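Per full-length UniProt numbering, the sequence shown starts with residue 1, numbered consecutively. A short write-up of the structure that comes next.
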Amino acid sequence: MKILLITQNFYPEIGSGANRLKNLYVQLSKNHEVEVLTTDPSYPNAKMYKEDKYWNNQFVNESKDIMRLNMRMNKQSKSMIFRLLYYFELAYKVRVYVRKYQKLYDAVYVTTPNIFIPWAAFFQKKKTGVKRILEVRDLWPDSVRDVEKMNIDIIFPVLKFMEKMLYKQSDKIVINNEGFRKYINRMIKNKPILFLPNAFSEDEVQFEKAPDNFRVIYTGNIGFAQSYEKLQEMAHKLEENKINFKIIGYGMNAHLFQSYIEYNDFKYVTFEEEKTREECLVEIRNSNVQLSILKDSEVFLNVLPGKVIDGIASGVPVVTNLGGYTSDLVNEYQVGYAKEKATSDELADAIKKIKASKELETEMRTNSKRLSRSHFHWETNIEKLEEFIFDKEFK
């Protein structure tokens, strides 16, 4: 079978979205002919990808199947107008490519965010025999409205209608958060939906002994969806309790948070700028707790972030303020602490409890390894996706 993957974010970009699509490409390529339509790496900035360390996958580097669109506009522009122009330009180029070449593929697999790409790919005449697979990684436009400084109330009803039409235009839907299923089913009935979480490939799976010098780690984006204020509170709580806290961050508020740490002259809290995924995984494996915090919003608190899976698949206890599927998963399998809208005091208490009991930490680390093997391996999960796409019975 021949598959076209369309994504804004792709290897070698950092972030769970780009890593997910890279893994989909690598795994699907084992049994199918797969091409990728994407852009040049630019998140969080294009300059960093001049370093060779980000281009560390030889298979993808040598592939002739990665098509990168040349863009005139700058995605990382500080001007909202220019960023919108970038999205319109990208959508136009995707639309032209799909209209001209969709007949060459058995399946067109498009992922959100951003929402402009699937609109461009699916809001046009469909060629007979081509399956349209929509991957939903973000409940847009709800997530946009829940982000501060983004007032879209006037056009929100129109965007919701277009969201519903997008689900209708898709033959099947893939979600990376189980909590999205009920949301989508409320909007459109009887649409085949597959839950496919982020995962680890076999060569990424590695476990380390718990370090004696107890450390909490936070890795990833510090942007609109993340609770910047709660991250500040956690820095103070852990500093007060003399618990080492390392942040490896990027995004809108990363440098602001770095300045905040320096201003307060913390002794136990440190900040480092973005690293490669492999470098981050080494840091996570050599930590005692992985912290994951999102804004106290229904949209954000019901997701399954990549950093939670990174912790579980590294055999490290997870502490988070998330609810829904993530909370059920973490607590049912006893791989950490999760409570929806947990306060900084509750999160800090959970960390102190783990620190105080080697037995508890060891139990959580053992449970994490077991859960990783059963739920979060790409080599196993990709078979479910193949069955789902190509009409084998799957529920």
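Glycine included, each C-beta is placed from N, C-alpha and C at the ideal position. Owing to the predicted nature of the structure, the values given are computational and were not obtained by experimental measurement.
For the structure I just gave you, are there three or more beta carbon pairs, one from the region 302–311 and one from the region 158–168, closer than 8 Å? no
Span of the beta strand (DSSP E), counted from its first residue to its last, around residue 38: Taking the sequence shown and counting its residues from 1, one reaches residue 38 at position 38. Its beta strand (DSSP E) spans residues 33–39.
So, helix, strand or coil for residue 322, using DSSP? Locating residue 322 in the sequence shown gives position 322, where the first residue counts as 1. Residue state, collapsed to three classes: coil.
What does a CB cutoff of less than 7 Å around residue 376 pick up in its chain, not counting 5 residues either side in sequence? Here residue 376 refers to the residue found at position 376 when the sequence shown is read from its first residue. The answer, listed in chain order, is 197, 199, 200, 309, 312 and 313.
Just reading off the alpha helix (DSSP H) that residue 290 is part of, what are its end residues? Within the sequence shown, residue 290 is the residue found at index 290, counting from 1. Segment 289–292 is the beta strand (DSSP E) holding residue 290; no alpha helix (DSSP H) there.
Burial state of residue 64, where buried means 16 or more other Cβ atoms lie within 10 Å: One-based indexing of the sequence shown puts residue 64 at position 64. Counting Cβ neighbours within 10 Å, residue 64 comes out exposed, since fewer than 16 surround it.
Assign residue 2 to buried or exposed, taking buried as 16 or more other Cβ atoms, counted over all protein chains shown, within 10 Å of its Cβ. Working through the sequence shown from its first residue, we reach residue 2 at position 2. Its Cβ having fewer than 16 others within 10 Å, residue 2 is exposed.
Going straight from the alpha carbon of residue 432 to that of residue 15, what length do you get? The requested residue 432 does not occur in the structure, where the chain is confined to residues 1 to 395.
Do residue 115 and residue 90 have their C-beta atoms within less than 9 Å of each other? Locating residue 115 in the sequence shown gives position 115, counting from the first residue. Locating residue 90 in the sequence shown gives position 90, counting from the first residue. Not a contact, by the Cβ cut-off of 9 Å.
Note down the Cα distance separating residue 57 from residue 6, rounded to an integer number of angstroms. Residue numbering aside, residue 57 sits at position 57 when the sequence shown is read from its first letter. Residue numbering aside, residue 6 sits at position 6 when the sequence shown is read from its first letter. Near 20 Å, if we compare the C-alpha coordinates of residue 6 and residue 57.
For residue 40, which residues from the same chain have a beta carbon less than 6 Å from its beta carbon, with the 5 sequence-adjacent residues on both sides left out? The sequence position of residue 40 within the sequence shown is 40, counting from 1. Answer for residue 40: 68, listed in chain order.
Residue 389: which of 210, 259 and 174 sits nearest, CA to CA? Along the sequence shown, one-based indexing puts residue 389 at 389. The residue with the shortest Cα to Cα distance from residue 389 is 174.
Comparing C-alpha positions only, which one of 346, 45, 94 and 283 sits nearest to residue 247? Locating residue 247 in the sequence shown gives position 247, counting from the first residue. Residue 283 is the option with its Cα nearest to residue 247.
Rounded straight-line distance, which links the Cα of residue 337 to that of residue 331: Along the sequence shown, read from residue 1 onward, the residue named residue 331 stands at position 331. Along the sequence shown, read from residue 1 onward, the residue named residue 337 stands at position 337. Near 6 Å, if we compare the C-alpha coordinates of residue 337 and residue 331.
Residue 109 in three-state terms, based on DSSP: Taking the sequence shown and counting its residues from 1, one reaches residue 109 at position 109. Reduced to three states, the DSSP call for residue 109 is strand.
Helix, strand or coil at residue 378 according to DSSP, with G and I counted as helix: Sequence index remark: in the sequence shown, residue 378 carries index 378 (1-based). DSSP places residue 378 in helix when its eight states are reduced to three.
8 Å contact criterion, which residue 136 and residue 180 should meet: CB distance rounded: The residue labelled residue 136 in the question sits at position 136 within the sequence shown. The residue labelled residue 180 in the question sits at position 180 within the sequence shown. 6 Å between Cβ atoms; contact.
What's the C-alpha gap between residue 27 and residue 385? Residue numbering aside, residue 27 sits at position 27 when the sequence shown is read from its first letter. Residue numbering aside, residue 385 sits at position 385 when the sequence shown is read from its first letter. C-alpha separation (whole angstroms): 10 Å.
With distance defined between alpha-carbon atoms, name the residue in 25, 44 and 240 nearest to residue 61. Counting from one through the sequence shown, the residue named residue 61 turns up at place 61. Residue 25 is the option with its Cα nearest to residue 61.
Report the residue from 343, 277, 316 and 358 whose alpha carbon sits nearest the alpha carbon of residue 54. In the sequence shown, counting from the first residue as 1, residue 54 sits at position 54. The shortest C-alpha separation from residue 54 is found at 277.
Which residues in the same chain have their Cβ closer than 7 Å to the Cβ of residue 382, if we skip the five residues on either side of it in sequence? Within the sequence shown, numbered from 1, the residue matching residue 382 stands at position 382. Excluding positions up to five away in sequence, the list reads 27 and 28.
What are the start and end residues of the beta strand (DSSP E) that includes residue 220? Stepping through the sequence shown from its first residue, residue 220 is reached at position 220. Here the beta strand (DSSP E) through residue 220 covers 215–221.
Within 10 angstroms of the Cβ of residue 155, are there 16 or more other Cβ atoms? Answer buried if so, exposed if not. Walking along the sequence shown from the start, residue 155 turns up at place 155. Label assigned to residue 155: exposed.
Tell me which residues share the same chain as residue 97 and place their Cβ nearer than 7 Å to its Cβ, disregarding the 5 neighbours each side in the sequence. Indexing the sequence shown from 1 puts residue 97 at position 97. Cβ within range, chain order: 37.
Does the separation of the CB atoms of residue 111 and residue 21 fall below 9 Å? For the purposes of this step, residue 111 is taken as residue 111 along the sequence shown, with counting starting at 1. For the purposes of this step, residue 21 is taken as residue 21 along the sequence shown, with counting starting at 1. Going by C-beta atoms, residue 111 is nearer than 9 Å to residue 21.
Count Cβ pairs between the region 255–272 and the region 229–247 that sit closer than 8 Å; are there 3 or more? yes
Is it true that the region 213–222 meets the region 289–298, where meeting means three or more beta-carbon pairs spaced less than 8 Å apart? yes
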